[in-house]
Structures are given as structure tokens and as C-alpha cells.
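Chemist: My questions all concern the structure below.
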Amino acid sequence: MSSQHAAGKAPYYFVPGPSKWPVLGGASLLLTMAGASAWINGYNWGPAANIIGIIATVIVLLKWFGEAFAESESGLYSARIDVSFRWSMSWFIFSEVMFFAGFFGALFYARSVTIPWLADIDHKLLWPDFSAQWGNTPAGTIDPFTKMGPFPIPTINTALLLLSGVTLTISHHALRAGERGKTAFWLLATIVLGAIFMGFQVYEYMHAYSDLNLKLTSGIYGSTFYMLTGFHGFHVTLGAIMLAVVLYRLMKGHFTPDNHFGFEGAAWYWHFVDVVWLGLYVVVYWL
1 MSSQHAAGKA PYYFVPGPSK WPVLGGASLL LTMAGASAWI NGYNWGPAAN
51 IIGIIATVIV LLKWFGEAFA ESESGLYSAR IDVSFRWSMS WFIFSEVMFF
101 AGFFGALFYA RSVTIPWLAD IDHKLLWPDF SAQWGNTPAG TIDPFTKMGP
151 FPIPTINTAL LLLSGVTLTI SHHALRAGER GKTAFWLLAT IVLGAIFMGF
201 QVYEYMHAYS DLNLKLTSGI YGSTFYMLTG FHGFHVTLGA IMLAVVLYRL
251 MKGHFTPDNH FGFEGAAWYW HFVDVVWLGL YVVVYWL
């Protein structure tokens, strides 16, 4: 393997040596989640442990991915490694599809099975004021709230994400054409659109909480609304971070028109986030 690398030829299949980063990453994530759980349950040590865990996780990711970037740039990755990366990213996105499918399934079950069931004749004695309409609750069970509609913020955010998909595609085509400056410009535009999306979502949450009295405790409607939109917002944030790392690598000259899966993998993830939002926009805000 070393002689191949010395001769400027990538090994048939590069196998890295033992690494400390998986263990350190697992430990930092465990500390992060333990701190978050303690924080939610009122333990004094929770906030500090959560923050330390987050910082440690970020450091581990920077070091770990930094090693992978160095291995790639030193010519250790062959075409077979590229194929393994593509399969890995494909399965990761598939796991994300199933993750959101679970939440969409919970929403479907609540709306199409549980709500009609609670409103039938057998339950009128328990819930006399309940009607089979999504967002209705029996009087006195929880604080009254107003459902979130599709206008104006969700529609604006839909336009922003659709536009970001276009700008990212333009950036990808520019990279394949060897136009590095154009690639960086449209990639930066995609990141900015994602940041604006998140800004609008933060404002939407503030409006929902203060003006509509819509909270995570607002029955099944509130819990499914915040779980679906909140996890999607987290994925947008993660996708924007991935694209920012890609932009940094692009400025460092790491990608070529024929070898840029780091860009492609992040682009796959971003387009997946776009598609999930379209489903959310229709199911959560319109129906």
C-alpha cells in the first residue's frame, strides 16, 4: 500500500488504522444526552454537562473529518472508496426517510384513526364536547390554542427551500464545468437561503407560542406539529453546516470536476430535506 501511494497511485481499497475518534465521539454524545436529560429534569449539573458534551462532540467531528479530508487529499481514496461512500450516504438518507416516516405515521394514525374513534358514539359519555376535527380538544382538558395555517411564513419558507434547491443545482453544474467562483457563489447563496429559512421558523415558533398559545403540550396536535417541524428544522441546520464545510473545502481547492463526492453527498442530503418539507407543508399546514 505504501509503495502504491509513493508512486502516486491510490491503493485498491484503503483501510485506515485504529482510531480513537469513534470511542471519543460516543462518549461525548453520551455526555451531551445525559446533560440534556438532567437539564430537562431540573438537575443543576445538567446545563454544564450538556454544553461540555456539545463542545466535545464538535471537536471530535472536526478532528475526525479532518483526518478523512487529509486522507482524501493525499490520494489514498480510490474509485472503490468513492463507491463505498456513495452507498454509505444512500443508506444514511434511507434511515432518515424511515425516521420521518415514523412521525408521519404517528400523525396519520392520530388524525385518521384516533380522532374519529374518540368522537364515535361509544365515547360520547367520556368526551361529550369532542368532535372529529383535527386540532379540536375536549373542553377543559388543555389550554385552548389556534392551529397554525400555511400563510404567510410556511409558504415563504417553502419558496425559500425550493429556491435553495435550484441554487444548489446551479452550483453543482458549475463545479462539474470547472467554474470554481460560480460554484462558491451559488453554494453560499444556498447556505444563506437555509439560514433565512431557520430565521423564519424561529419567528414562527415565537408567534405560535405567544399569539396562538400553541405549545408542545397542546395535545396531539401540538406535539406532532413541533416534533415534525422541529426535527426538520434541525435537519436544515445540519444540512447548512454540511454545505458550509463543503464551501470551506471548495475554497481550499479540495474538489475537482471529476472528484467531488463531498459536495454531492451534502447536496443529496439538502435535496432530501427539501422533499421532506414539501410533505410537511401539505400535511401539517394545509390538511
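Following this note's numbering, the residues of the sequence shown are numbered contiguously, the last one being 287.
Every residue, glycine too, gets a C-beta built ideally from N, C-alpha and C.
All values derive from a computational prediction rather than experimental measurement.
Rounded to the nearest angstrom, what separates Tyr269 and Asp129 at their Cα positions?
Modeler: Locating residue 269 in the sequence shown gives position 269, where the first residue counts as 1. Locating residue 129 in the sequence shown gives position 129, where the first residue counts as 1. Approximately 45 Å between the Cα atoms of the pair.
Chemist: Expressed to the nearest angstrom, what Euclidean distance is found between the alpha-carbon atoms of Asp211 and Met148?
Modeler: Taking the sequence shown and counting its residues from 1, the one referred to as residue 211 is at position 211. Taking the sequence shown and counting its residues from 1, the one referred to as residue 148 is at position 148. Each residue's Cα considered, the two are about 11 Å apart.
Chemist: Tell me the residue span of the alpha helix (DSSP H) that contains Lys289.
Modeler: Past the edges of the chain, shown from 1 to 287, lies residue 289, and the structure says nothing about it.
Chemist: Within 10 angstroms of its Cβ, does Ser90 collect 16 or more other Cβ (buried), or is it exposed?
Modeler: Within the sequence shown, the letter at position 90 stands for residue 90. So Ser90 counts as exposed.
Chemist: Going by CA-CA distance only, name the one from Val166, Tyr43 and His207 that's closest to His274.
Modeler: Counting from 1 along the sequence shown, the entry for residue 274 is found at position 274. Residue identity differs from the one stated: residue 274 is Asp in this sequence, not His. Comparing Cα positions, the closest option is Val166.
Chemist: Pull the bridge partners of Thr256 from the DSSP assignment, please.
Modeler: The residue given as residue 256 occupies position 256 in the sequence shown. Answer by DSSP bridge pairing, in chain order: Asn259.
Chemist: Tell me the DSSP secondary structure of Thr146 in three-state form.
Modeler: Counted from its first residue, the sequence shown places residue 146 at position 146. Reduced to three states, the DSSP call for Thr146 is coil.
Chemist: Leaving aside the five residues before and after Ile156 along the sequence, list all residues of the same chain whose C-beta is less than 7 Å from its C-beta, in chain order.
Modeler: Numbered from its first residue, the sequence shown carries residue 156 at position 156. Here the set comprises Phe200.
Chemist: Using alpha carbons as the reference points, say which of Ala34, Gly42 and Trp64 lies closest to Asn50.
Modeler: To locate residue 50, count along the sequence shown from 1; it is residue 50. Per the Cα distances, Ala34.
Chemist: Return yes when the Cβ of Gly135 is within less than 8 Å of the Cβ of Ile221, no when it is not.
Modeler: Within the sequence shown, numbered from 1, the residue matching residue 221 stands at position 221. Within the sequence shown, numbered from 1, the residue matching residue 135 stands at position 135. Reading off the sequence, residue 221 comes out as Tyr, not Ile. A contact, by the Cβ cut-off of 8 Å.
Chemist: Is Phe99 helix, strand or coil by DSSP?
Modeler: Position 99 of the sequence shown holds residue 99. Correct three-state label for Phe99: helix.
Chemist: Apply the 10 Å Cβ neighbour rule to Ser37 and answer buried if 16 or more other Cβ atoms are within range, or exposed otherwise.
Modeler: Taking the first residue of the sequence shown as position 1, residue 37 is located at position 37. The residue in question, Ser37, is exposed, as its Cβ has fewer than 16 Cβ neighbours within 10 Å.
Chemist: May I have the straight-line CA-CA distance separating Thr224 from Pro150, to the nearest angstrom?
Modeler: Within the sequence shown, numbered from 1, the residue matching residue 224 stands at position 224. Within the sequence shown, numbered from 1, the residue matching residue 150 stands at position 150. Their Cα atoms are separated by approximately 16 Å.
Chemist: Any contact between the segment 75 to 84 and the segment 13 to 25? By contact I mean 3 or more CB pairs, one from each, below 8 Å.
Modeler: Contact between the segment 75 to 84 and the segment 13 to 25 is present, because at least three Cβ pairs lie under 8 Å.
Chemist: Can you grab the Cα-Cα spacing for the pair Gly53 / Gly194, in whole Å?
Modeler: Translated into the one-based positions of the sequence shown, residue 53 becomes position 53. Translated into the one-based positions of the sequence shown, residue 194 becomes position 194. Approximately 26 Å between the Cα atoms of the pair.
Chemist: Can the beta-carbon of Gly265 be found less than 8 Å from the beta-carbon of Phe85?
Modeler: Within the sequence shown, residue 265 is the residue found at index 265, counting from 1. Within the sequence shown, residue 85 is the residue found at index 85, counting from 1. Closer than 8 Å, so yes.
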